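Student: So in the UniProt record's numbering, spot 170 of the sequence shown is number 170, and the numbers just go up one at a time.
Glycine included, C-beta positions come from ideal geometry on N, C-alpha and C.
Model, not experiment: these values are computed from the prediction.
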Amino acid sequence: MLYDFAGIIAQFNTEEGDFEISGFGSGHINDTYLVKNPGSEHPGYLLQKINSFVFKNIGGLMNNMLYVVNHLKQKISETGGNPDKEVLTLIPTKKGKYYYKDQQDNYWRMTCFLADTKSYDLVTTKQQAYQGGVAFGRFQYLLSDLDPALLIDTIPDFLNIEKRLFDFRKAIEGDTAGRLKEVKEEVDFLNSRATAMNEIPKLGRANILPLRITHNDTKFNNILLDKEGNIQCVIDLDTVMPGYIAFDFGDAIRTIINTAAEDEADLNTIQLNIPLFTEFTKGYLSETRSFLTEAELKSLMMGVLLLPYMQAVRFLTDYLEGDVYYKTHFAGHNLQRTHAQIQLFKILELNKTELENILQTEWNNLK
Ligand code: ADP
Ligand code: GN1
Ligand code: MG
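Now the structure itself:
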């Protein structure tokens, strides 16, 4: 679809210019564009069309984002960091809002483009894994004194596995795309693990795990590393809301420990890179040890199994519903993603004890 980019950009308080627009990034939800004025020293902007099928309350979402970036900027300034580089900067519209709704009901926002940074879909080095741990651990730490009650749930029950399984079962019953007959084996496998995956919500209800402000979408390409390969900025703040810290740990590990892509077709290439798990854990615990409880430490491994499992449930639900949620790039993409996540989950299950031991050792090393 073609948009009136010049008209959209003109709504925002940017520098003047004859901008060039190009598609950017590999996110599954929003449409992202780089907006650059070729004649200018200015690094440019990122323009995003926020997915309003996925996010039903965009005013509330942008309010959350403002609270979060303002809080992070203040904390980072206090500790001598550079808030312009280390935190996303929202560009206001000329009317003083942080998003613009066009005549076709598309919602747009702009942030400063962070030049000389890179996001990675696949993690290959120990430095990247360690920096990922520092990034998400520090993110939780810096937000630990922001009142969770200030934030709305931008997607209600987003990482609530009980609700995800409820939706999965509805999709199976509805079978609206007529695909259930192809995926009986996958459905049976996921159902066989459903009870075991309920630990985190149970511990939460029993007040054994505290609700904190978490990122909730910590796949590795949601951080930007600088030229030296160190963490610069955590991005993709649409899902920052109250959650359990094991969600962030588990979803980051999902993308870090896997030697293959999230949607890898050749299941034999999906293996665990355990040294990367150790590095991420070291970085993460170094930032969170001051507030993490024993119960939370124990919950981290639950998150490591839960997040790939939940991802498989979500991809298969979308496949059954006819690919309405995630961007797909070919027919059967959501099914291929499901297979890859189930495979990852199965190997994680087999290696559970070894990973638990690493977590405990790294925790003891820090004491
Ligand atoms: P999505 O929700 O679709 O994943 P993201 O907010 O993660 O959207 O942005 C998509 C990609 O754009 C990121 O993975 C990253 O590569 C890039 N990106 C996002 N924000 C910035 C920024 N401010 N500066 C540089 N690159 C960015
Ligand atoms: C989506 O937006 P993106 O691509 O960073 C999704 C995450 C999934 C992820 C799987 C709002 O993240 O929950 O874990 O795809 N975001 C939303 O790759 O649903
Ligand atoms: Mg993203």
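1) Please indicate yes or no: does the CB of residue 154 lie closer than 7 Å to some heavy atom of ligand 1?
2) Looking at the structure shown, is residue 274 part of a helix, part of a strand, or coil, going by DSSP?
3) Looking at the structure shown, is residue 23 part of a helix, part of a strand, or coil, going by DSSP?
4) Can you give me the Cβ contacts of residue 308 inside the same chain, cut-off strictly under 6 Å, excluding the 5 residues immediately before and after it?
5) Could you spell out the range, first to last residue, of the beta strand (DSSP E) harbouring residue 48?
6) Using 8 Å for Cβ pairs, my map puts residue 87 next to residue 72. What's the rounded Cβ distance?
7) To which residues of the same chain is residue 263 closer than 8 Å at the C-beta, ignoring the five residues directly before and after it?
8) At the level of alpha carbons, what is the spacing between residue 110 and residue 365?
9) DSSP three-state call for residue 172: helix, strand or coil?
10) Terminal residues of the continuous alpha helix (DSSP H) containing residue 205?
11) Whether or not the region 286-299 and the region 269-276 are in contact is what I'm after, with contact meaning three or more pairs of Cβ atoms, one per stretch, closer than 8 Å; do they touch?
12) Using a Cβ-Cβ cutoff of less than 8 Å, which residues in the same chain neighbour residue 46 once the five nearest sequence positions on both sides are dropped?
13) For residue 91, which of 11, 280, 355, 191 has the nearest alpha-carbon?
14) What do you get for residue 281, buried or exposed, if any count of 16 or more other CB atoms within 10 angstroms of its CB means buried?
15) Report yes or no: do three or more beta-carbon pairs, one from the region 166-174 and one from the region 302-321, lie closer than 8 Å?
16) Please state the DSSP three-state secondary structure of residue 99.
17) Compute the minimum distance between the beta carbon of residue 52 and the heavy atoms of ligand 1, and state whether it is under 7 Å.
18) With hydrogens ignored, establish whether the beta-carbon of residue 49 is closer than 7 Å to any heavy atom of ligand 2.
19) Does DSSP put residue 12 in a helix, in a strand, or in coil?
20) Mind checking residue 274: buried by the 16 CB within 10 Å criterion, or exposed?
21) What is the C-beta distance between residue 68 and residue 240, in whole angstroms, given that I count them as a contact (C-beta under 8 Å)?
22) Assign residue 336 to one of three DSSP states: helix, strand, or coil.
23) So, does the region 353-367 touch the region 199-207, judging by three or more C-beta pairs under 8 Å?
24) Rounded to whole angstroms, what is the Cα-Cα separation between residue 214 and residue 198?
25) Anyone know if the C-beta pair for residue 49 and residue 30 falls short of 8 Å?
26) Secondary structure at residue 122, three-state DSSP: helix, strand or coil?
27) DSSP three-state call for residue 258: helix, strand or coil?
28) Does at least one heavy atom of ligand 1 sit under 7 Å from the Cβ of residue 238?
29) Measuring CA to CA, which of 153, 224, 192, 141 is closest to residue 59?
Tutor: Well, looking at it:
1) Numbered from its first residue, the sequence shown carries residue 154 at position 154. No, since every heavy atom of ligand 1 falls outside the 7 Å radius drawn around the Cβ of residue 154.
2) For the purposes of this step, residue 274 is taken as the residue at position 274 of the sequence shown. Of the three classes helix, strand and coil, the one that applies to residue 274 here is helix, per DSSP.
3) Locating residue 23 in the sequence shown gives position 23, where the first residue counts as 1. Note: residue 23 maps to strand in three-state DSSP.
4) One-based indexing of the sequence shown puts residue 308 at position 308. These residues qualify, in order along the chain: 254, 341, 344, 345.
5) As a working note, residue 48 is residue 48 in the sequence shown. Residue 48 -> beta strand (DSSP E) spans 45-50.
6) Counted from its first residue, the sequence shown places residue 87 at position 87. Counted from its first residue, the sequence shown places residue 72 at position 72. Their Cβ separation, rounded to whole angstroms, is 5 Å, which keeps residue 87 and residue 72 in contact under 8 Å.
7) By one-based count along the sequence shown, residue 263 stands at place 263. Around residue 263: 333, 336, 337, 340.
8) Residue numbering aside, residue 110 sits at position 110 when the sequence shown is read from its first letter. Residue numbering aside, residue 365 sits at position 365 when the sequence shown is read from its first letter. Cα-Cα distance, rounded: 43 Å.
9) Working through the sequence shown from its first residue, we reach residue 172 at position 172. Reduced to three states, the DSSP call for residue 172 is helix.
10) Along the sequence shown, read from residue 1 onward, the residue named residue 205 stands at position 205. Annotation: the continuous alpha helix (DSSP H) that includes residue 205 extends over 199-205.
11) Cβ pair count under 8 Å is below three, so no.
12) Position 46 of the sequence shown, counted from the start, is the residue given in the question as residue 46. The answer, listed in chain order, is 24, 32, 33, 34, 35, 110, 111, 112, 113.
13) Working through the sequence shown from its first residue, we reach residue 91 at position 91. Here the closest residue by C-alpha is 11.
14) Indexing the sequence shown from 1 puts residue 281 at position 281. Result: buried.
15) Segments in contact, yes.
16) Position 99 of the sequence shown, counted from the first residue, corresponds to residue 99. The answer is coil: DSSP assigns residue 99 none of H, G, I, E or B.
17) On the sequence shown, residue 52 is found 52 positions in, with the first residue counted as 1. Because no heavy atom of ligand 1 lies under 7 Å away, the Cβ of residue 52 does not count as near it: no.
18) Reading the sequence shown from its first residue, position 49 is the one you call residue 49. No, Cβ of residue 49 sits at least 7 Å from all heavy atoms of ligand 2.
19) Here residue 12 refers to the residue found at position 12 when the sequence shown is read from its first residue. Looking at residue 12 - three-state DSSP - the assignment turns out to be strand.
20) Here the question's residue 274 lines up with position 274 in the sequence shown. With fewer than 16 Cβ atoms within 10 Å of its Cβ, residue 274 is classed as exposed.
21) Along the sequence shown, read from residue 1 onward, the residue named residue 68 stands at position 68. Along the sequence shown, read from residue 1 onward, the residue named residue 240 stands at position 240. Contact flag correct, Cβ pair sits at about 5 Å.
22) For this step, residue 336 is matched to residue 336 along the sequence shown. Helix at residue 336.
23) The answer is no - the region 199-207 does not touch the region 353-367, with fewer than three Cβ pairs under 8 Å.
24) Position 214 of the sequence shown holds residue 214. Position 198 of the sequence shown holds residue 198. Rounded to whole angstroms, the gap between the alpha carbons of residue 214 and residue 198 is 19 Å.
25) For this step, residue 49 is matched to residue 49 along the sequence shown. For this step, residue 30 is matched to residue 30 along the sequence shown. With respect to residue 30, residue 49 sits close: the two C-beta atoms are nearer than 8 Å.
26) Mapped onto the sequence shown, residue 122 falls at position 122. Coil at residue 122, not helix or strand.
27) Counting from 1 along the sequence shown, the entry for residue 258 is found at position 258. Here residue 258 sits in strand by DSSP.
28) To locate residue 238, count along the sequence shown from 1; it is residue 238. Answer for residue 238: yes, Cβ within range of ligand 1.
29) By one-based count along the sequence shown, residue 59 stands at place 59. Out of 153, 224, 192, 141, 153 has the C-alpha closest to the C-alpha of residue 59.
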